[in-house]
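Visitor: Mind having a look at this structure? Questions to follow.
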RNA sequence: GGCCUCAUCGUCUAAUGGUUAGGACGCCAGGUUUUCAUCCUGGCAAUAGGGGUUCGAUUCCCCUUGAGGCUACCA
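Numbering (my numbering), first residue to last: 1 to 508.
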């Protein structure tokens, strides 16, 4: 019977969720769920200076929105206050200071760690010199040789100190990474890492090892940047006499110039992408594929399909450039697949933001340009016009603006199709106008209008384009748009006739 | 500088000793369509370089080159 798989996502509350972290959480989550394990959220806030107010709440909210549900960790209640749950105490490191203190004392007692009283100033000078001499900057271990009495004296004098790991000077530390394979590092190249800072907070290294052990994490999963410090962690597990968990390091997401994905070269916040109108499904699916493949040619996966299919053997060792071209395509795929009501719900905020509508309550909306009141059902029809061509939700305002306009603005030449003359266009529009005038409002439906106009084309021995192009332009004012039948249905008889009259006027 | 890691089309990737090096996005061309989009068909496009090992290397080994990460009392 193998040990229960327990995986944690352990972000620092520095303000927002990075898209790279989104991929890491996704992999964490999928790995845990695929193996029937536990998925846990732990907040690593051991750096007071970098803490950003509200970021824990924000993080929890976004994981929740993404559907990446965890069973232990930090939850946010309705008053927006955090609380913890689980068998292993608080999952916020700043609330666990006494625990780390206890373990650090144990380390010192057993001679695996030591007090260091060196000032930051001395350390800085030391490193500068090392650099000048082309040496690797490393702590020179000055305090490692302090006698018990000396330490005692300095402690009594209240000299500020940190606690450092006593790294063996000989030997090799190695481990088997689940993604990278065997990693070997000579101990002499490992620095005597600070474990406890002078403010009484642990460093990442200590806190994560202690917590991963205490929370019974079976697989330590994190980004590649942690690969070089893993031997330090192994040394800690050994010093404590603890079982060493499995490690899996995931590659970084990259800028187009292949450096670590950063703010300077584009958006990195998950919320930025959500705001732009990317669907969570598309975003998840996209980051999934940035470093994992199913070994088949499938590419579109729902969350539950991902859980069923994900395994570490499909995870790559090469960092992937975060290039959103494919994300745009995937987003379109998901938009087209989406239920129309759902899609419309998501589009409404963008229509409001584009200042086309205003919510008046009771799922009624007011059209700002005309003052008309419309309902949700009507908005569904409008969204349906664009469902096939939309790449991002944020495009909806611009692309359906023509529906809401009181008066279209276009060049009259646009009404003329191919080799037609202005006169032809005018005649044809007149024919259409006459025909549509005689139709009842209730028959203003896409398929009926299509029949009627097809008949009109045939009767007058015209080409379809000679009728449909001028009509479409008259109704939309656009070079590219949905078909005139669909637009006419949405617009209704009165507006259709108005717009045709307006076009006829232009062609005079 | 030291340590660690990585290297297939522009991008995401498949192929772990034998394939015309496959797919997807993007791009180009054609078809469908009144237009745009969708959809369909086709095309362009890659094993960083050099040595080995082998009958045979994208694949295994070495070197070079390139790229990235780490090198904090940040995570």
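From the three backbone atoms N, C-alpha and C, an ideal C-beta is built for every residue, glycine too.
Between residue 245 and residue 220, is the Cβ-Cβ spacing less than 7 Å?
Guide: For the purposes of this step, residue 245 is taken as the residue at position 245 of the first chain. For the purposes of this step, residue 220 is taken as the residue at position 220 of the first chain. A contact, by the Cβ cut-off of 7 Å.
Visitor: Kindly indicate which three-state DSSP category residue 467 falls into: helix, strand or coil?
Guide: On the first chain, position 467 is the one that residue 467 refers to. Helix.
Visitor: Please list the terminal residues of the continuous alpha helix (DSSP H) segment that includes residue 10.
Guide: Within the first chain, residue 10 is the residue found at index 10, counting from 1. Residue 10 -> no alpha helix (DSSP H), and no H or E assigned at all.
Visitor: DSSP on residue 141, reduced to helix/strand/coil?
Guide: Here the question's residue 141 lines up with position 141 in the first chain. Residue 141: coil per DSSP, three-state reduction.
Visitor: Should residue 16 and residue 269 be called a contact, given that it needs their Cβ atoms to be closer than 7 Å?
Guide: Your numbering for residue 16 matches position 16 in the first chain. Your numbering for residue 269 matches position 269 in the first chain. Yes, these two residues count as a Cβ contact at 7 Å.
Visitor: Specify the secondary structure class of residue 38 as computed by DSSP and reduced to three states.
Guide: As a position in the first chain, residue 38 is number 38, starting the count at 1. Of the three classes helix, strand and coil, the one that applies to residue 38 here is strand, per DSSP.
Visitor: Would the stretch 403-410 count as touching the stretch 278-297 if we require 3 or more Cβ pairs under 8 Å?
Guide: no
Visitor: Here's a check: name, in chain order, each residue in its chain whose Cβ is nearer than 8 Å to the Cβ of residue 340, leaving out the five neighbours to either side.
Guide: Position 340 of the first chain, counted from the start, is the residue given in the question as residue 340. 380, 383, 384, 387, listed in sequence order.
Visitor: Which ranges does the beta strand (DSSP E) cover as unbroken runs of at least 3 residues, wholly within the stretch 104-129, from first to last along the chain?
Guide: 113-116
Visitor: From residue 132 to residue 189, what distance separates their C-alpha atoms?
Guide: For the purposes of this step, residue 132 is identified with residue 132 of the first chain, where counting begins at 1. For the purposes of this step, residue 189 is identified with residue 189 of the first chain, where counting begins at 1. Roughly 18 Å separates the two Cα atoms.
Visitor: Three or more C-beta pairs under 8 Å: does that hold for the stretch 490-498 against the stretch 430-437?
Guide: yes
Visitor: Please determine, among 344, 113, 40, the residue with the shortest C-alpha to C-alpha distance to residue 375.
Guide: For this step, residue 375 is matched to residue 375 along the first chain. Each of 344, 113, 40 was checked against the Cα of residue 375, and the nearest Cα belongs to 344.
Visitor: Residue range of the alpha helix (DSSP H) that residue 83 falls in?
Guide: Sequence index remark: in the first chain, residue 83 carries index 83 (1-based). Element bounds for residue 83: not the alpha helix (DSSP H) but the beta strand (DSSP E), 82-85.
Visitor: Once DSSP output is grouped into helix, strand and coil, what is the label at residue 297?
Guide: Locating residue 297 in the first chain gives position 297, where the first residue counts as 1. DSSP places residue 297 in coil when its eight states are reduced to three.
Visitor: Please classify residue 92 as buried or exposed, where buried requires at least 16 other C-beta atoms within 10 Å of its C-beta.
Guide: Your numbering for residue 92 matches position 92 in the first chain. Buried is the call here.
Visitor: Within a Cβ cutoff of 8 Å, which residues of the same chain sit near residue 206, ignoring the five residues on either side of it in sequence?
Guide: Here the question's residue 206 lines up with position 206 in the first chain. Around residue 206: 100, 103, 104, 195, 196, 236.
Visitor: How about residue 116 and residue 162: do their beta carbons lie closer than 7 Å?
Guide: Taking the first chain and counting its residues from 1, the one referred to as residue 116 is at position 116. Taking the first chain and counting its residues from 1, the one referred to as residue 162 is at position 162. Yes; because the gap between Cβ atoms is below 7 Å, this pair is in contact.
Visitor: Does DSSP classify residue 404 as helix, strand or coil?
Guide: Taking the first residue of the first chain as 1, we reach residue 404 at position 404. Look at residue 404 here: in three-state DSSP terms it is helix.
Visitor: Quick one: what does DSSP say residue 354 is sitting in, helix, strand or coil?
Guide: Position 354 of the first chain holds residue 354. Here DSSP, grouped into helix, strand and coil, assigns residue 354 to coil.
Visitor: I think residue 327 touches residue 282, with their Cβ atoms under 8 Å apart; what is that distance to the nearest whole Å?
Guide: On the first chain, position 327 is the one that residue 327 refers to. On the first chain, position 282 is the one that residue 282 refers to. Between residue 282 and residue 327 the Cβ distance is about 6 Å, and since that is below 8 Å, they are a contact.
Visitor: Comparing alpha-carbon positions, which option in 421, 48, 357 lies nearest residue 203?
Guide: For this step, residue 203 is matched to residue 203 along the first chain. When each option's Cα is compared against that of residue 203, the closest is 48.
Visitor: So, for residue 508: in the same chain, excluding its five sequence neighbours on each side, which residues have a beta-carbon less than 6 Å away from its beta-carbon?
Guide: In the first chain, counting from the first residue as 1, residue 508 sits at position 508. If we look at residue 508 and ignore the five residues flanking it on each side, it has no Cβ neighbours.
Visitor: Based on Cα-Cα distance, which residue from 113, 311, 363, 389 lies nearest to residue 193?
Guide: By one-based count along the first chain, residue 193 stands at place 193. Checking every option, the nearest Cα to that of residue 193 belongs to 113.
Visitor: Three or more beta-carbon pairs under 8 Å between the stretch 20-34 and the stretch 289-309, yes or no?
Guide: yes
Visitor: Where does residue 202 sit, in a helix, a strand or coil, going by DSSP?
Guide: By 1-based counting over the first chain, the position of residue 202 is 202. Residue state, collapsed to three classes: strand.
Visitor: Please report how far the alpha carbon of residue 6 lies from the alpha carbon of residue 322, in whole angstroms.
Guide: Mapped onto the first chain, residue 6 falls at position 6. Mapped onto the first chain, residue 322 falls at position 322. Cα to Cα, residue 6 sits roughly 29 Å from residue 322.
Visitor: Given a threshold of 16 other Cβ atoms within 10 Å of its Cβ, counted over all protein chains shown, does residue 342 qualify as buried or as exposed?
Guide: As a working note, residue 342 is residue 342 in the first chain. Answer is exposed; the Cβ neighbour count stays below 16.
Visitor: Quick one: is residue 42 buried, meaning 16 or more other Cβ sit within 10 Å of its Cβ, or exposed?
Guide: As a position in the first chain, residue 42 is number 42, starting the count at 1. It counts as buried.
Visitor: For the stretch 145-187, which segments carrying the alpha helix (DSSP H) assignment without a break, of at least 4 residues, lie completely within its bounds, in sequence order?
Guide: 148-156
Visitor: On a Cα-Cα basis, can you pick out the residue from 20, 12, 9, 187 that is closest to residue 252?
Guide: If you number the first chain from 1, residue 252 lands on position 252. Residue 252 has its Cα closest to that of 20, out of 20, 12, 9, 187.
Visitor: Check whether the Cβ atoms of residue 25 and residue 95 sit closer than 7 Å, and answer yes or no.
Guide: Residue mapping note: residue 25 aligns to position 25 of the first chain, counting from 1. Residue mapping note: residue 95 aligns to position 95 of the first chain, counting from 1. At least 7 Å separates the beta-carbon of residue 25 from that of residue 95.
Visitor: So which of 277, 332, 317, 318 has the shortest CA-CA distance to residue 300?
Guide: Translated into the one-based positions of the first chain, residue 300 becomes position 300. That would be 332, whose Cα lies nearest to the Cα of residue 300.
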